[in-house]
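In the working numbering, the protein residues as written are 222 to 648. Cβ coordinates follow ideal geometry from the N, Cα and C atoms, glycine included. Input: a single structure, listed below in C-alpha cells.
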Amino acid sequence: MGMFFAEYLPKKSSLTVTINLPKEYGDANLSVKPKSLELKTGLGLYSIELPNILMSCITCRNLENHDADSFSCTFTACETRPSRSPSCLLESMESILMNGDSLLCKFCSNKFAEIKGIKSFKLRPPVFTQEETSLGLEASYFCHSQNSGEKYYNPNVQLVKESSQSSVLSVTSAVHTGTEVALHTSSMERESYIIKSKNVIYCSRCWLCVGRKVSIGSDDLCSLWTNCLNVLTEERDIDGDFLRFVEKPLIDEGDFYGLFIAGLLENQCYRVILAAHTGDGLIDFMLLWLIDQEMDLYTIGLSRMIASPAPSSQTGSNDQPKFTDRPAPCTVHLKGEPAACRRVFYRLTVPNKAEGFQPETQALLKAWRDDFGVSLLTLPWETCVGLSTCLQQYTMRIAPQFRNAGQHMTGFICGAVPVVHPLQTVN
Numbered sequence: 222m223g224m225f226f227a228e229y230l231p232k233k234s235s236l237t238v239t240i241n242l243p244k245e246y247g248d249a250n251l252s253v254k255p256k257s258l259e260l261k262t263g264l265g266l267y268s269i270e271l272p273n274i275l276m277s278c279i280t281c282r283n284l285e286n287h288d289a290d291s292f293s294c295t296f297t298a299c300e301t302r303p304s305r306s307p308s309c310l311l312e313s314m315e316s317i318l319m320n321g322d323s324l325l326c327k328f329c330s331n332k333f334a335e336i337k338g339i340k341s342f343k344l345r346p347p348v349f350t351q352e353e354t355s356l357g358l359e360a361s362y363f364c365h366s367q368n369s370g371e372k373y374y375n376p377n378v379q380l381v382k383e384s385s386q387s388s389v390l391s392v393t394s395a396v397h398t399g400t401e402v403a404l405h406t407s408s409m410e411r412e413s414y415i416i417k418s419k420n421v422i423y424c425s426r427c428w429l430c431v432g433r434k435v436s437i438g439s440d441d442l443c444s445l446w447t448n449c450l451n452v453l454t455e456e457r458d459i460d461g462d463f464l465r466f467v468e469k470p471l472i473d474e475g476d477f478y479g480l481f482i483a484g485l486l487e488n489q490c491y492r493v494i495l496a497a498h499t500g501d502g503l504i505d506f507m508l509l510w511l512i513d514q515e516m517d518l519y520t521i522g523l524s525r526m527i528a529s530p531a532p533s534s535q536t537g538s539n540d541q542p543k544f545t546d547r548p549a550p551c552t553v554h555l556k557g558e559p560a561a562c563r564r565v566f567y568r569l570t571v572p573n574k575a576e577g578f579q580p581e582t583q584a585l586l587k588a589w590r591d592d593f594g595v596s597l598l599t600l601p602w603e604t605c606v607g608l609s610t611c612l613q614q615y616t617m618r619i620a621p622q623f624r625n626a627g628q629h630m631t632g633f634i635c636g637a638v639p640v641v642h643p644l645q646t647v648n
C-alpha cells in the first residue's frame, strides 16, 4: 500500500509532502490546488483534502529523493482556522481535584489522601529548579584538587516548585502544576506510601514509584505525579442525589507527556538525560533533544485501486471496429486529519535484548553527563516506557526519509508529543 505523509509547520508557514508508492502504482503526477492535492497514478486519481490548510502551488520546491519509490516536495501554506489558543487542561484538572473525594493510585486504587477537606488547589506553572541529588562526578573532571569531605554533582533538574512555600500548602490547601500534585504530608494516609532512597515515594500496595518527598523549610511535602493518580469522585443524578463513586484519571497520558515537554521548554531545558525509577534504583533510559517546534502531521494510506478495464471493440455491418467509450479513471477522495504535536528528538539508552549496550550511545551518555548544559530528570519507569511509546507512535506518522536526524544529532530519532500549552501567568 502507498503512503501519503504531510508535515505542516505553523511558524514557518510551510508544508512538506512525501509520497511513497510501490512500483505497481506506475508513474505518479502531483497537482497542487489551494485546498487539495491531486495525485494521478497509473491506477487512478487520489484527491487529498487537508482541512484548514491553504496551499500556494507556485512556491513548490522538490526535495532530494532518498528512494526510487518516493518523492518529496515543500511549498508555502497557511492556516485558515483561527489562531491557536492555549488549552484549558490545567483548569479542568483543578476542577476535578476540587470536586474529588480522595486521591488513589492509578495502578492499584490504593488510597493516598482524602482531598474532600482541601478547599483550594493552587494552580502553578511547572518550575524546574536545581537540586544536588544527582550522581557524583569523577574527581579527575575538575582541574583543581577535591577535598575528601566535599561532593560535586552534575546538574540535576527536578520538579521543585519555587511557589510551593509553607504559607501556600497546609492541611486545607494544596498545589498542582499539571505534572504534579503537592500535598502536605499531614494530608496523606500514613500507611499508603513508602519513602525509599533519595526521598522517592512508592505505593505501599503495588510498590510502584508515584512521586517524591520534598522538604521546603521546616515542612515536608509529598509531590505525586499526576499521571500516576486517579480521583475518586461522587456521581450524582439530575436532582443532585448521590448515585455512586467513580474513579477518574486526573490527566490523560498523552496530555501528561505534552505538558511535561512543554514545561521543560518553558524552563529552557533543551538537552535532557531521562532516568527511570525502578525498585532497584535509577536506570538511564533515554536522551532528549528539544527544539521547540510545533507541527501538524497528516498520514494517509493510499490503498491500491483496481485498474480500469481495457476498452472493448464491436464489429459493425461494414466490418469497421467500433470502440466503446473508455471508462473514466477511478477517483478516490481522501481527507487528512491533522495531529497537532511538538517535535522531540530522542535516543534510547536502556539496553535491548537484540543489541545490548551500544558503545556509541554509552559514549554520548558519558559526554552528556560531563556537560553542565545538560539536565538530568527522573521519572517512574512506567512513565518513561509510556513516553518512549508515545514518541515512537509519532515517529511512525513521519515520512521514513525524515525519521532519523543528521549532522550533529546523528543517532537521534524524530518523534513528537501532543501539543499542550501550560499557563503563562498565574494569579
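CA nearest to the CA of residue i, picked from the options
i	options	result
I504	Q622, L600, C329 and L518	L600
F496	L586, P470 and E468	With the sequence shown as reference, residue 496 is identified as Ala, and Phe is not the correct amino acid for it. It is L586.
Y491	N283, C326 and V595	V595
L598	L508, R568, V606 and C611	L508
S439	R426, K256, H405 and S413	H405
V402	M526, E335 and F342	F342
Reduced DSSP category for residue i - H, G, I as helix; E, B as strand; rest coil
i	result
C449	helix
Y229	strand
E468	strand
T239	strand
V595	coil
N331	coil
S407	helix
L429	coil
K419	helix
T610	helix
E603	helix
S188	As shown, the chain starts at 222 and ends at 648. That puts residue 188 outside it, with no answer to give.
S444	strand
S394	strand
S666	Outside the modelled stretch of the chain, which goes from 222 to 648, sits residue 666, for which no answer is possible.
T400	coil
Boundaries of the alpha helix (DSSP H) in which residue i is found, first to last residue
i	result
M222	Per DSSP, M222 belongs to no alpha helix (DSSP H) and is neither H nor E.
R492	That residue, R492, is in no alpha helix (DSSP H); its beta strand (DSSP E) goes R492 to T499.
D476	E474 to E487
W589	P580 to R590
Burial state of residue i (16 or more Cβ within 10 Å)
i	result
S316	exposed
W428	exposed
N273	exposed
A620	buried
F225	buried
H629	exposed
E371	Note that E371 has pLDDT 35, beneath the 50 cutoff, so the model's placement of it is unreliable and the number below is only indicative. Exposed is the call here.
D501	exposed
Extent of the continuous beta strand (DSSP E) to which residue i belongs
i	result
E515	G502 to L523
R563	A560 to L569
A626	Counting along the chain, A626 falls outside any beta strand (DSSP E), and DSSP gives it neither H nor E.
G636	I634 to P639
S234	Per DSSP, S234 belongs to no beta strand (DSSP E) and is neither H nor E.
S341	S341 to L344
K556	T552 to K556
Runs of beta strand (DSSP E) wholly within the region 239-320 (minimum 3 residues, chain order)
250-253, 257-261, 266-270, 274-276 and 291-300
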